[in-house]
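Q: Submitted below is the structure of interest, expressed as structure tokens.
There are 2 protein chains.
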Amino acid sequence: MKQNTKYQYEFPRPALATDCVIFGFDGGELKLLLLEREKEPFKNKWALPGGFVFEDETTEIAAKRILTEKAGVKNMFIEQLYTFSEVDRDPRERIISVAYFALVNKHQYTLMAGRDTVTAEWFELSSLPKLAFDHGKIVKTAIQRLKGKVSYQPIGFELLDEKFTLTQLQSLYEAILETPIDKRNFRKKILGMGFLKALNEKEKNVARKAARYYSFDKKTYKELTQKGFHFEL
Amino acid sequence: MKQNTKYQYEFPRPALATDCVIFGFDGGELKLLLLEREKEPFKNKWALPGGFVFEDETTEIAAKRILTEKAGVKNMFIEQLYTFSEVDRDPRERIISVAYFALVNKHQYTLMAGRDTVTAEWFELSSLPKLAFDHGKIVKTAIQRLKGKVSYQPIGFELLDEKFTLTQLQSLYEAILETPIDKRNFRKKILGMGFLKALNEKEKNVARKAARYYSFDKKTYKELTQKGFHFEL
DNA sequence: TCATTTAAGTGTAAAATATACACTTTGATG
DNA sequence: CATCAAAGTGTATATTTTACACTTAAATGA
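Here the protein sequences line up with chains A and B, keeping their order. Quick note: the first sequence uses my numbering, first residue 1, plus one each step. Quick note: the second sequence uses my numbering, first residue 1001, plus one each step.
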């Protein structure tokens, strides 16, 4: 097993890895990016993008690197999720995984399912395949976290385009929270918070009244936050 | 450096440790349990109880073991906080730490500051000494987490005795949230939730009207939760 | 035993926030 | 120019949150 003896320690050490739960949204249901494994164990099973943490990287930097390398995702929102350390979570040897969750704009990159000739695919949350390792558990944790967080932190915007309509924003919240929201009340509330900038631009080529575009004004949001404002949906 | 060659790996591996932020409360300000380091690095500096994770332990089990071994704390509430992986967070070598935070009842155990002849001491949050390693950062993270969590999860009870008065409970929330709370509104709200059991027992030997004791009824709380009830202070 | 001290315990009115709900407008299409 | 489809908009009611002060009870000591 241990062919190479370069690194020697007095006590056994688990390997350190990171796995990423990547959420995306394009209007319908919330989606998750999975890769098909090419090697054993769990060959041909779906799994989260993941990999080992290098000697000179924090886990967060490793997670970002892996996201770019394996899934072609760049400049995404990323946040540490949880560290999974069950002794037998990997059948090969002990590997602990510091999991992250990422929110990406599905339009901002097309599945460059080439890179490592890995097959990458978006799955709807309601129809996920059975996942390799303990990745099912990781995903469950990530969904919980996202649901909890989205109501008191404006992270939803990370999933949308720079410009979005209020209906798109509402659909996103409905998808994440899995509950219908009243249109008028939603608009009243979210606009009342004061960090959405109405743009002088509307949808084009829609066979109905065109909706106005808005953008999330980060600067204003920061200022509000510093004045004690607290986002809450 | 590497005297012992028992464990050999193809790639370098950081050591895996865990550190615990232990909160306690006895009526005034929120307190934190620290140990004085006996060895270099940071000899004689204050630090969080911590240690390495064994081969057959999850990080949570390691955290509990260390809490018991080093701080004499048993059966405490514990929750994973965050994983700190800065490459140079330990001057000796790379050690990543899965940090936990614990809530303990200060009365339930007296500082058995013997065990390892380690000096353990409670510090008020407002007058913490400078800490070893990145423990200051860990503590800051833990305080944030506690503040955030206490409002939407009934974890405060872990810091109190089995029986407590409503005034004690209120003081605790005031200490954690660092804000005064209206007595009548607090009582109305917390009693209205329905999971506090009024006991047929009052304070004794107090030179004023004796306060009634209450206890947190876990069973009722669970039932309420399952019916969709959502704690929120 | 009675006056004093101290915190416990209690209710209501006003303000703010959340909810429920339906019609008009606009742009594209045929 | 009629039709279709979703955008956009306001109000009344219910609920929740807030602000606020006096009476009660237990011990202490004069």
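Built from N, CA and C at the ideal position, the CB exists for glycine as well. Computed from a prediction, not measured in an experiment: that's the story for all the values here.
According to the Cβ coordinates, are B:Thr1220 and B:Phe1186 closer than 7 Å?
A: no
Q: Would you mind giving the Cβ-Cβ distance between B:Thr1179 and B:Leu1081, rounded to the nearest angstrom? I have them listed as a contact below 8 Å.
A: Between B:Leu1081 and B:Thr1179 the Cβ distance is about 23 Å, and since that is not below 8 Å, they are no contact.
Q: Figure out for me which residue from B:Ile1095, B:Gln1008 and B:Lys1188 has the closest Cα to the Cα of B:Gly1050.
A: B:Ile1095
Q: Within the same chain, show all residues whose beta-carbon is closer than 8 Å to that of A:Cys20, passing over the 5 residues directly before and after it, in chain order.
A: Leu48, Pro49, Gly50, Ala63, Ile66, Leu67, Ala71, Ile78, Ala99, Tyr100, Phe101 and Ala102
Q: Have a look at A:Phe23, A:Gly28, A:Glu121 and A:Tyr7 and flag the residue whose alpha-carbon is nearest the alpha-carbon of A:Val150.
A: A:Phe23
Q: Using a C-beta to C-beta distance shorter than 7 Å, which residues of chain A count as neighbours of B:Ile1096?
A: Leu16
Q: Residues of chain A with a CB under 7 Å from the CB of B:Thr1179: which are they?
A: Per Cβ cutoff of 7 Å: no residues; B:Thr1179 is ~12 Å from chain A at best.
Q: So, for A:Arg145: in the same chain, excluding its five sequence neighbours on each side, which residues have a beta-carbon less than 7 Å away from its beta-carbon?
A: Leu81 and Phe101
Q: Please return the same chain residues whose Cβ sits closer than 8 Å to the Cβ of A:Tyr214, not counting the five positions on each side in sequence.
A: Lys163, Phe164, Thr165, Leu166, Leu169, Leu196, Lys197, Ala198 and Leu199
Q: Compute the beta-carbon to beta-carbon distance between B:Phe1237 and B:Gln1153, rounded to the nearest angstrom, for a pair I have assumed lies under 8 Å.
A: Lying outside 1001 to 1233, the shown extent of chain B, residue 1237 of chain B is not represented and no answer is given.
Q: On a Cα-Cα basis, can you pick out the residue from A:Val73, A:Leu131 and A:Glu57 that is closest to A:Glu36?
A: A:Leu131
Q: How big is the Cα-Cα spacing for A:Ile234 and A:Leu233?
A: An answer regarding residue 234 of chain A cannot be provided, because it is not within the stretch 1 to 233 covered by chain A.
Q: In chain order, what residues of the same chain have a beta carbon less than 8 Å from the beta carbon of B:Ser1126, not counting five sequence neighbours either side?
A: Glu1029
Q: Can you check whether the C-beta of A:Gln144 is within less than 7 Å of a C-beta belonging to chain B?
A: No, A:Gln144 lies away from the interface with chain B (no Cβ there is under 7 Å from its Cβ).
Q: Is the shortest distance between the beta-carbon of B:Ser1151 and the beta-carbons of chain A less than 7 Å?
A: No, its Cβ sits nowhere closer than 7 Å to a Cβ of chain A.
Q: Kindly say whether B:Pro1154, judged by its beta-carbon, lies nearer than 7 Å to any beta-carbon of chain A.
A: Not a single CB atom of chain A sits nearer than 7 Å to the CB of B:Pro1154.
Q: With a threshold of 16 other CB atoms inside 10 Å of the CB of A:Gly156, please say whether the residue is buried or exposed.
A: buried
Q: Quick check: is the beta carbon of B:Arg1013 nearer than 7 Å to any beta carbon in chain A?
A: yes
Q: Please determine whether the Cβ atom of B:Ser1126 lies at a distance below 6 Å from any heavy atom of the ligand MG.
A: You won't find the ligand MG in this model; it holds no ligand whatsoever.
Q: For A:Phe14, count neighbouring Cβ atoms within 10 angstroms of its own Cβ and tell me buried if that reaches 16, exposed if not.
A: Position check: residue 14 of chain A holds Pro in this sequence, whereas Phe was assumed. Per the 10 Å Cβ criterion, buried.
Q: Is the separation between the beta-carbon of A:Asp134 and that of A:Arg89 shorter than 7 Å?
A: Yes, these two residues count as a Cβ contact at 7 Å.
Q: Compute the Euclidean distance between the alpha carbons of B:Val1206 and B:Arg1212, then round it to the nearest angstrom.
A: Going from the Cα of B:Val1206 to the Cα of B:Arg1212 covers about 12 Å.
Q: Between the segment 1115 to 1138 of chain B and chain A, which residues of the former have a C-beta closer than 7 Å to a C-beta of the latter?
A: none
Q: Please report whether the beta-carbon of B:Asp1056 lies at a distance below 7 Å from any beta-carbon of chain A.
A: yes
Q: Please state whether DSSP places A:Met1 in a helix, a strand or coil.
A: In this prediction, A:Met1 has a pLDDT of 48, which is less than 50 and means its spatial position is unreliable; nothing more can be read from the coordinates.
Q: From what residue to what residue does the beta strand (DSSP E) around A:Glu201 run?
A: Run containing A:Glu201: Leu196 to Lys202, per the beta strand (DSSP E) assignment.
Q: B:Gln1008 versus chain A: which residues are under 7 Å apart at the beta carbon?
A: Lys2, Thr5, Tyr7 and Gln8
Q: Does the beta carbon of B:Val1206 sit closer than 7 Å to a beta carbon anywhere in chain A?
A: No, no contact with chain A.
Q: In terms of alpha-carbon separation, which member of A:Phe123, A:Arg184 and A:Lys147 lies closest to A:Leu33?
A: For the residues A:Phe123, A:Arg184 and A:Lys147, the minimum Cα distance to A:Leu33 belongs to A:Phe123.
Q: A:Tyr214 lies in the beta strand (DSSP E); which residues open and close that run?
A: Arg212 to Phe216 is the extent of the beta strand (DSSP E) around A:Tyr214.
Q: How many Å lie between B:Lys1218 and B:Glu1060 at the Cα?
A: 23 Å
Q: Would you please state the rounded distance, in angstroms, between the beta carbons of A:Asp161 and A:Asn75? I believe it to be under 8 Å.
A: About 14 Å; that fails the 8 Å criterion.
Q: Which partner residues of B:Ala1047 appear in the DSSP bridge assignment?
A: B:Leu1035
Q: Per DSSP, B:Leu1016 forms a beta bridge with which residues?
A: B:Ile1096
Q: Cβ closer than 7 Å: which chain B residues qualify as neighbours of A:Tyr82?
A: Gln1080
Q: At the level of alpha carbons, what is the spacing between A:Glu174 and A:Lys227?
A: 29 Å
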